[in-house]
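Presented below is the structure to which this report refers.
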Amino acid sequence: MRLTPFDVLIIGVLVYLLIRMALGSKRNGQKGPGGQGPDTRDGNPPQDQDTDPRRQATEAYKRAQQAWDMLRSDEQGQKPQIHSEDFEFDEVDFLAGAKLMCARIRESWDARDLDDLVQFCTPGAMQEFERRADSETRPPRAETLLINAGLVEVHAREDGMEEATVLYEILEKEPGSGVNRESREMWRFLRPTGDNSATWLLDGIRPVDDAGAITQ
Numbered sequence: 029m030r031l032t033p034f035d036v037l038i039i040g041v042l043v044y045l046l047i048r049m050a051l052g053s054k055r056n057g058q059k060g061p062g063g064q065g066p067d068t069r070d071g072n073p074p075q076d077q078d079t080d081p082r083r084q085a086t087e088a089y090k091r092a093q094q095a096w097d098m099l100r101s102d103e104q105g106q107k108p109q110i111h112s113e114d115f116e117f118d119e120v121d122f123l124a125g126a127k128l129m130c131a132r133i134r135e136s137w138d139a140r141d142l143d144d145l146v147q148f149c150t151p152g153a154m155q156e157f158e159r160r161a162d163s164e165t166r167p168p169r170a171e172t173l174l175i176n177a178g179l180v181e182v183h184a185r186e187d188g189m190e191e192a193t194v195l196y197e198i199l200e201k202e203p204g205s206g207v208n209r210e211s212r213e214m215w216r217f218l219r220p221t222g223d224n225s226a227t228w229l230l231d232g233i234r235p236v237d238d239a240g241a242i243t244q
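Numbering (my numbering), first residue to last: 29 to 244.
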């Protein structure tokens with residue numbers, strides 16, 4: 029049976045949700061004396077390598093990335109594309125990858141894993157992450173429930189780079205309270221113009237308010 033792009037996407041989402049549910053059950057079941065979990069300096073319970081949420085999320089990302097790569101090779105030429113005299117752009121493929129990259133970058137940033145972030149960011153974006161890591165207090169880790177992505181624009185710049193802007197709508201659960209919170213962010217990605225094999229890199233993030241205005 030041949031899987032459609034929608035089938036592959038649904039499988040990836042289900043795998044991710046099952047992992048998050050399993051990890052949540054393990055965290056709720058690990059209690060210390062008196063029903064209290066062990067205390068740590070960053071407010072998160074200690075985890076070994078087999079139960080570390082970030083390790084599990086990374087494995088889920090790798091499986092989704094492999095599915096995406098197979099999807100690209102299997103369905104090449106069958107998806108709508110944006111054409112111009114300067115470059116060719118596959119919107120469906122791009123948004124599928126943009127969601128994966130958003131989830132991976134958020135996981136890495138929550139863990140303050142700058143070594144992992146560097147492979148997904150331009151030098152300018154990495155400088156901003158490094159500045160924030162040095163100046164901001166690390167908050168408790170929130171649980172990402174849903175990521176939606178929409179393409180705002182894509183164009184070729186005069187400096188030889190393609191620029192794509194994505195509007196993300198992110199639903200996450202506040203740590204400790206169980207309250208769900210929605211946020212919107214505008215992410216800018218870059219890659220060399222005309223190089224379809226090049227990886228899109230994050231170049232900047234701007235929060236968006238409820239009225240649709242960029243707040244930074």
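Using N, Cα and C, we set each Cβ at its ideal position, and we do this for glycine too.
Bear in mind that the values here come from a model prediction, so they are computed numbers and not experimental data.
Per DSSP, what are the beta-bridge partners of residue i in this structure?
| i | result |
| --- | --- |
| Y44 | None, per the DSSP bridge assignment. |
| P235 | E213 |
| I175 | I198 |
Around the C-beta of residue i, are 16 or more other C-beta atoms found within 10 angstroms, so that it is buried, or is it exposed?
| i | result |
| --- | --- |
| D223 | exposed |
| L46 | exposed |
| L42 | exposed |
| A239 | Here A239 scores only 47 on pLDDT, less than 50, and its place in the model is too uncertain to base an answer on. |
| D187 | exposed |
| E158 | exposed |
| M49 | exposed |
| R209 | exposed |
Determine the DSSP secondary structure at residue i, reduced to helix, strand or coil.
| i | result |
| --- | --- |
| R185 | coil |
| W228 | coil |
| P151 | helix |
| R166 | coil |
| E156 | helix |
| A139 | coil |
| V207 | coil |
One question on the structure: do residue i and residue j come within less than 7 Å of each other, judged by their Cβ atoms?
| i | j | result |
| --- | --- | --- |
| C149 | L229 | yes |
| K127 | L173 | no |
| A192 | L123 | no |
| E119 | L195 | no |
| R234 | A226 | no |
With a cut-off of 8 Å on the beta carbons, I'd call residue i and residue j a contact; round off their distance for me.
| i | j | result |
| --- | --- | --- |
| R212 | V236 | 4 Å |
| L170 | L142 | The residue asked about is misnamed: residue 170 is Ala in this sequence, not Leu. Actually they do not touch by this definition, with Cβ atoms about 19 Å apart. |
| R166 | R140 | 6 Å |
Would you say the beta carbon of residue i comes nearer than 6 Å to a heavy atom of the ligand HEM?
| i | result |
| --- | --- |
| L42 | Although the ligand HEM was asked about, the structure shown includes no ligands whatsoever. |
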